[in-house]
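*Asks:* Below is one structure. I have some questions about it.
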Amino acid sequence: MGSLIEPDERPHLVVHVVDALDAALTETSLLHLIRHLPPERYRHAIVCMHDRGGHQGDIREHGVEVVNLHKRAGSDPLHYLRMFGVLRALRPDLIHTRGGAGLPAQVVAALAGVKLRVHAEHARGAVDAGGGVRARLLRRLLCPLIDHYIAVSSDLEEWLVESVGAEPARVSQIANGVDSLQFHPRLGPSAAVGPPGFMHDGVFVVGSVGRMDEAGNHATLVEAFLRLIASPHPAHQRLRLLLVGDGPARVECQALLHRAGAAARAWLPGARADVAQLLRAMDLFVLPARVEDRSNAILQAMATGLPVVAAAVGGNTELVHPGFTGILVPPMSTELLAAAMADYCRIPEMAARHGARARSQVIARHSMPAMARDYLAVYDALTGSDGEC
Numbered sequence: 173m174g175s176l177i178e179p180d181e182r183p184h185l186v187v188h189v190v191d192a193l194d195a196a197l198t199e200t201s202l203l204h205l206i207r208h209l210p211p212e213r214y215r216h217a218i219v220c221m222h223d224r225g226g227h228q229g230d231i232r233e234h235g236v237e238v239v240n241l242h243k244r245a246g247s248d249p250l251h252y253l254r255m256f257g258v259l260r261a262l263r264p265d266l267i268h269t270r271g272g273a274g275l276p277a278q279v280v281a282a283l284a285g286v287k288l289r290v291h292a293e294h295a296r297g298a299v300d301a302g303g304g305v306r307a308r309l310l311r312r313l314l315c316p317l318i319d320h321y322i323a324v325s326s327d328l329e330e331w332l333v334e335s336v337g338a339e340p341a342r343v344s345q346i347a348n349g350v351d352s353l354q355f356h357p358r359l360g361p362s363a364a365v366g367p368p369g370f371m372h373d374g375v376f377v378v379g380s381v382g383r384m385d386e387a388g389n390h391a392t393l394v395e396a397f398l399r400l401i402a403s404p405h406p407a408h409q410r411l412r413l414l415l416v417g418d419g420p421a422r423v424e425c426q427a428l429l430h431r432a433g434a435a436a437r438a439w440l441p442g443a444r445a446d447v448a449q450l451l452r453a454m455d456l457f458v459l460p461a462r463v464e465d466r467s468n469a470i471l472q473a474m475a476t477g478l479p480v481v482a483a484a485v486g487g488n489t490e491l492v493h494p495g496f497t498g499i500l501v502p503p504m505s506t507e508l509l510a511a512a513m514a515d516y517c518r519i520p521e522m523a524a525r526h527g528a529r530a531r532s533q534v535i536a537r538h539s540m541p542a543m544a545r546d547y548l549a550v551y552d553a554l555t556g557s558d559g560e561c
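Counting in our numbering, the sequence shown runs from 173 upward without gaps.
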C-alpha cells in the first residue's frame with residue numbers, strides 16, 4: 173500500500189544582506205525582527221560583507237546561519253562572486269538588503285535566481301552622503317529589480333517614490349521598533365557614571381548618543397551647553413553634558429570644552445556597549461544632527477522616559493511632538509537649542525511629564541512586535557503566504 177508524501181512545507185528562507193554586524197541597527201533591530209517572526213513560516217540567514225561584529229553567537233543561537241564574505245577594504249569585486257556562490261547554495265525564497273551598500277546585492281541575487289527581492293532604506297543621511305550622480309543613477313536603474321521597498325520614515329518614502337521612481341504600491345513605511353524592556357526609565361537614583369565629580373545629587377544631565385561627525389552637529393550642542401553654564405541663572409549650575417559616541421568631531425568637542433574650562437562638567441566616553449544604562453543617567457536627550465531619519469537613538473531615549481530636544485529635520489518631526497514629548501528646534505541654531513535645554517533644566521516637572529508621554533508613545537506605536545507585524549505583512553504578500561500553518 174502506497175504512502176502519501178507531504179509536499180515540501182519548509183518555512184520560506186529569507187537572506188538578509190548586511191555590511192557587518194557591528195552596526196547597532198543591524199545588531200538590535202535585525203535580531204529582534206528575526207525573534208518576532210513566526211519560525212514556522214520564515215527561517216533566516218545573514219550574509220555579512222565584512223566580518224566585524226560580536227553578536228554572531230547570539231544570532232546563531234536562534235538557528236540563523238551567518239555567512240561572512242570577508243570583503244577586503246576598498247574595491248573587492250571578487251566578493252560579488254563569493255556572494256553569488258553563497259546565494260546559489262542557500263537558494264533563498266527572498267533576499268532583504270539595506271542601504272546603498274546593499275544595492276549591488278540585488279543584482280547578484282537576480283543573477284543567482286532569487287525570485288523575491290526587498291530593499292530597505294534606513295537613513296537619509298547615508299543616502300545624501302552617497303548621493304552623487306552615479307549613486308542616484310544606480311538606484312533608478314535597479315528599481316525594476318526590486319519587488320518591494322521599505323522606508324523607515326515618510327520622508328524616505330517620499331524620496332523613494334519621487335527621486336528613485338518606485339511605484340507607491342511597492343513602498344511600505346515601517347517604523348523602527350525599540351526594546352522597551354531593555355530601554356526603560358531608571359527605577360531609583362541616577363547611576364554614578366562618569367569620572368569622579370561628574371555625577372552628584374541634584375545635577376541635570378543633558379545627553380546625546382550617536383556618531384560624532386559633521387552631520388551629527390555635536391559642536392552646536394556643546395556651544396549651547398557652554399552658553400547656559402556661563403549664564404547667571406542658578407539652575408544652570410546643575411548642568412552636566414554626556415556625549416556617547418565616537419567620530420572625528422569628538423576631538424573638536426573636547427577642545428571646545430577644555431578652552432571654556434568646562435571639561436569637568438562634561439563626559440565624552442566614546443562608543444559604548446552600555447547605552448541603555450547611560451541613557452538612564454540622563455535627564456534630557458538632545459539630538460542636534462542636521463540630517464536624521466526615524467532615529468533609533470531618539471526611540472531608545474523616549475523608551476527610557478526622556479524628553480527629547482531635536483533638530484526639526486527628517487524623521488525627527490514624526491517622532492518628537494513639540495510641547496508634548498519634547499521640543500523641535502531649527503538645525504544649527506545654538507541660541508534656540510540652548511533655550512530649549514534651559515526650559516527643561518529650569519522646569520524639571522515638565523521634563524518628567526514629557527518623558528512619561530514619550531515612553532507611552534513608544535510602547536503604543538514603536539514596539540518590536542508592531543514592527544515585526546509590518547515586516548511580516550510585506551513578506552507574506554510577496555511569498556503568497558496565508559499565515560496558515
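Note that the Cβ used here is the ideal one computed from N, Cα and C, for glycine as well.
Compare the C-alpha of residue 470 against each of 497, 445, 453 and name the closest.
*Replies:* 497
*Asks:* Go through its chain and collect everything with a Cβ distance to residue 529's Cβ below 7 Å, but skip five positions before and after it.
*Replies:* 496, 497
*Asks:* Flag this pair as yes or no: are the beta carbons of residue 424 and residue 391 separated by less than 8 Å?
*Replies:* Yes. Within cutoff.
*Asks:* From residue 422 to residue 458, what does the alpha carbon distance come to, in whole angstroms?
*Replies:* 16 Å
*Asks:* Please determine, among 312, 316, 505, the residue with the shortest C-alpha to C-alpha distance to residue 389.
*Replies:* Measuring C-alpha to C-alpha distances from residue 389 to each of 312, 316, 505 identifies 505 as the nearest.
*Asks:* Contact between the stretch 232-241 and the stretch 216-223 is defined here as three or more beta-carbon pairs at a separation below 8 Å; is this criterion met?
*Replies:* Yes, they touch.
*Asks:* In chain order, what are the residue ranges of uninterrupted beta strand (DSSP E) at least 3 long that sit wholly in the stretch 260-290?
*Replies:* 266-270
*Asks:* List the DSSP bridge partners of residue 494.
*Replies:* 498
*Asks:* To the nearest angstrom, how far is the alpha carbon of residue 277 from that of residue 330?
*Replies:* Each residue's CA atom was taken as its position, placing residue 277 and residue 330 some 23 Å apart.
*Asks:* Given this structure, state the Cα-to-Cα distance separating residue 178 from residue 212, to the nearest angstrom.
*Replies:* Residue placement at residue 178 is poorly supported in this model, since its pLDDT is 45, which falls under 50; the coordinates are not used for a value here.
*Asks:* Just list the residues that DSSP pairs residue 439 with in beta bridges.
*Replies:* 414
*Asks:* In this structure, what does DSSP give as the bridge partners for residue 215?
*Replies:* 185
*Asks:* By alpha-carbon positions, which one of 272, 283, 540, 554 ends up nearest to residue 206?
*Replies:* 540
*Asks:* Does DSSP put residue 354 in a helix, in a strand, or in coil?
*Replies:* coil
*Asks:* So the candidates are 475, 189, 525, 414; which of them puts its Cα closest to the Cα of residue 289?
*Replies:* 189
*Asks:* Does the stretch 536-550 touch the stretch 341-356, meaning 3 or more C-beta pairs lie closer than 8 Å?
*Replies:* Three or more Cβ pairs closer than 8 Å define a contact, and the stretch 341-356 meets that threshold against the stretch 536-550.
*Asks:* Please report the distance separating the alpha-carbon of residue 451 from that of residue 381.
*Replies:* Taking the straight line from one Cα to the other gives about 8 Å.
*Asks:* Can you list, in chain order, the residues of its chain whose CB lies under 8 Å from that of residue 537, leaving out five sequence neighbours each side?
*Replies:* 347, listed in sequence order.
*Asks:* Opposite residue 238 in the DSSP bridges: which residues?
*Replies:* Answer is 218.
*Asks:* Output the residue ranges of the beta strand (DSSP E) runs that lie fully inside the stretch 451-482 and measure 3 residues or longer, sorted by chain position.
*Replies:* 456-459
*Asks:* Determine the direct distance from the alpha carbon of residue 251 to that of residue 594, and round the result to whole angstroms.
*Replies:* Residue 594 lies beyond the range of the chain shown here (173 to 561); nothing can be said about it.
*Asks:* Go ahead and pull the three-state DSSP assignment for residue 521.
*Replies:* Residue 521 falls in the helix class under three-state DSSP.
*Asks:* Could you compute how far the alpha carbon of residue 261 sits from the alpha carbon of residue 534?
*Replies:* 40 Å
*Asks:* Are the beta-carbon atoms of residue 475 and residue 362 separated by less than 8 Å?
*Replies:* no
*Asks:* Going along the chain, which residues of its own chain have a beta-carbon closer than 6 Å to the beta-carbon of residue 448, five neighbours each way excluded?
*Replies:* 354, 355
*Asks:* Applying the criterion that 16 or more other CB atoms from any shown protein chain within 10 Å of the CB defines a buried residue, is residue 186 buried or exposed?
*Replies:* buried
*Asks:* Does the Cβ of residue 265 have 16 or more other Cβ atoms within 10 Å, making it buried, or fewer, making it exposed?
*Replies:* Buried, since its Cβ has 16 or more Cβ neighbours within 10 Å.
*Asks:* Would you call the CB atoms of residue 411 and residue 393 closer than 8 Å?
*Replies:* The Cβ atoms of residue 411 and residue 393 lie no closer than 8 Å to each other.
*Asks:* Is the beta carbon of residue 509 sitting closer than 8 Å to the one on residue 479?
*Replies:* no
*Asks:* Judging by CA-CA distance, which residue of 377, 321, 310 is the nearest neighbour of residue 517?
*Replies:* 377
*Asks:* Alpha helix (DSSP H) containing residue 505: first to last residue?
*Replies:* Where residue 505 is concerned, there is no enclosing alpha helix (DSSP H), given that its DSSP letter is neither H nor E.
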